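Q: I'd like to ask you about the structure that follows.
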Amino acid sequence: MSCLRLNMSGKCSLMRRSVYLLCAAVVGGVFVLPTSAHAVDLASHKAIYDIRMKSTQTGSQVLDVRGKMLFTFKKSCDGWISNHKFALDYEYTGTSPLAVESNFTSFEDFGGKSLNFSSNRTTNGEPDQQLRGLATVSSGAKGIARFSIPEDLSFNLTGATLFPAAHTIRLIEAAQKGEKLVNAQVFDGSDDKGPVEINAVIGKKTLPQPDMKLDKSLVGGSGWLMRLAVFPTTGDESQPISDYEMTMNLLENGVIKDMTVDYHNFSVTQKLVAIEPLKEDKCGVE
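Following this note's numbering, the numbering of the sequence shown begins with 7 at its first residue and continues without gaps.
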């Protein structure tokens, strides 16, 4: 699934990716990826999302946001490979518009123990940010996210930290069991800010709603409405304020049909407009 997390605070804005988009909680301590995790079959697919401004409040410096995201998610023999490509245009009050393009790629092993990540971003055609690194976690022990670009940047991770695909699985498993709350520390490597805390509220189940314009095998299933609040892991814990919140329709195969991201003074929609399945590798076959 696309674990996207828009990060549009301040003048320089762009999508921060949860593939996200999403993370999972561990209540009461050590996280171990369930052996039943593969019962949740995340669909390998390529999708295009249309991104548009939904609303803005008085005083917001953001006038408009629009663009596209190409998202691919594929199961390999050893883990999940995901790629997000964004092309977004921003308009602000009192400043020139910005054209932001970003390319984020990650590989997450099936055990949820390691995440390789790499991203490149340009603003108005000029290089803006490059990130690359490896994050590892171990049950019952601390983990670490160590960047090779830039050098000397690292973040300590708890043993319960989840990476995007593991979080997606946890959300779907929780929804299937009728759980309503899922909380987690999450790391995806899409920026240089470190892990975040994500509180998820699982709402009502959505019935299949076939769309004649989209592949029924990928979007014709049931899902759940979910509300996620994203918090920084640093700051005043006595009065936590979310960076942003997301409302989404997450299908049982991990595909997100639509999403609304709410910031403090504006909101953005992400709507699925095209999707197709990806052929998976034949593993263990000589």
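Note that the Cβ used here is the ideal one computed from N, Cα and C, for glycine as well. If you're wondering where the values come from, they're calculated on a predicted model, not measured in any experiment.
Grouping DSSP H, G and I as helix and E and B as strand, with all else coil, what is His270?
A: coil
Q: How big is the Cα-Cα spacing for Phe79 and Gly260?
A: 10 Å
Q: Just to confirm the assignment, what range does the alpha helix (DSSP H) spanning Thr78 have?
A: Per DSSP, Thr78 belongs to no alpha helix (DSSP H); it is in the beta strand (DSSP E), Val68 to Lys81.
Q: Would you tell me roughly how many angstroms separate the C-alpha atoms of Asp84 and Phe123, rounded to the nearest one?
A: Spanning the two alpha carbons is a distance of roughly 16 Å.
Q: Is DSSP giving Pro201 helix, strand or coil here?
A: coil
Q: What residues match up with Leu213 in a beta bridge as DSSP calls it?
A: DSSP output for Leu213 lists no bridge partner at all.
Q: Secondary structure at Glu179, three-state DSSP: helix, strand or coil?
A: helix
Q: Leaving out the 5 sequence neighbours to the left and right, which residues in its chain are closer than 8 Å to Arg58 when beta-carbon positions are compared?
A: Excluding five sequence positions before and after Arg58, the CB atoms of its chain that fall closer than 8 Å to its own CB belong to Val71, Arg72, Val274, Thr275 and Lys277, given in chain order.
Q: How about Thr174 and Gln191: do their beta carbons lie closer than 7 Å?
A: no
Q: Tell me the rounded alpha-carbon separation between Phe237 and Val202.
A: About 6 Å.
Q: Starting from Val143, trace the beta strand (DSSP E) both ways and give me its first and last residue.
A: Glu132 to Ser144
Q: If Leu121 sits next to Glu114, beta carbons under 8 Å apart, how far is it from one beta carbon to the other, in whole angstroms?
A: Right, the Cβ-Cβ distance comes to about 5 Å (below 8 Å), so this counts as a contact.
Q: Using three-state DSSP, classify Pro283 as helix, strand or coil.
A: Taken through DSSP and simplified to helix, strand or coil, Pro283 comes out as strand.
Q: Tell me, to the nearest whole angstrom, how far the beta carbon of Ile208 is from that of Lys222; I am working on the premise that it is less than 8 Å.
A: The Cβ separation is near 25 Å, so there is no contact.
Q: Could you tell me which of Ser248, Ser88, Ser125 and Ile281 sits nearest to Glu107, measuring between CA atoms?
A: Ser125
Q: Do Asp268 and Glu251 count as a contact pair if the criterion is CB distance below 7 Å?
A: yes
Q: Which two residues bound the contiguous beta strand (DSSP E) that contains Val225?
A: First-last for Val225: Lys222 to Val225, but that is the alpha helix (DSSP H), not the beta strand (DSSP E).
Q: So, Lys74 versus Ala93, is the Cβ gap smaller than 7 Å?
A: yes
Q: Which value, in whole angstroms, describes the spacing of the CA atoms of Pro214 and Met254?
A: 15 Å
Q: Within its chain, find whatever has a CB closer than 7 Å to the CB of Glu258; leave out the 5 residues flanking it on each side and keep chain order.
A: Ile178, Gly227, Ser228 and Gly229
Q: Are Leu231 and Lys210 closer than 7 Å when you measure CB to CB?
A: yes
Q: For Ala190, which residues does DSSP report across the bridge?
A: When DSSP reads this structure, Ala190 sits in a beta bridge with Ile204.
Q: Would you kindly report the start and end of the unbroken beta strand (DSSP E) that includes Val261?
A: In the DSSP assignment, Val261 falls outside any beta strand (DSSP E) and carries neither an H nor an E.
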